[in-house]
Amino acid sequence: MKSTLPKVGQNAWNFIRAGVGGFLGGFGFLLSLVIVPLYLYYFLTESPKIAESWSHYVPLRLPSSRTRSSAPWQRSMDTSSPSSEGSWW
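First residue of the sequence shown: 0, per numbering that gives the first Met the number 0; consecutive thereafter.
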């Protein structure tokens with residue numbers, strides 16, 4: 000335990016130093032210290048307005064004329080029934 004604890008601290012410090020290393024890493028870190036609280040404040044103050052209008056930007060359901068997706072990656076997610084060809088693709 001006594002020999003492991005200093006190694007953990009040193010590894011943690013090396014990890015932080017590597018992530019913030021260089022000018023751009025340090026600048027990005029300092030920029031995030033300013034931007035994150037601003038965004039947090041905005042989303043907290045505007046949350047009622049966002050909550051009532053988010054459905055204008057995010058569709059709640061697919062249009063009734065389109066029952067299946069034509070994209071293969073989306074069809075593979077639909078496991079309700081295989082396609083008419085008898086395969087999932």
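For each residue, glycine too, the CB sits at the ideal point set by N, CA and C.
Going by beta carbons, F26 and V19 fall outside the 7 Å limit. Between Q9 and K48, the alpha-carbon positions lie close to 46 Å from each other. In the structure shown, G20 falls within a coil segment according to DSSP collapsed to helix, strand and coil.
For P58, there is no enclosing alpha helix (DSSP H), as DSSP marks it with neither H nor E.
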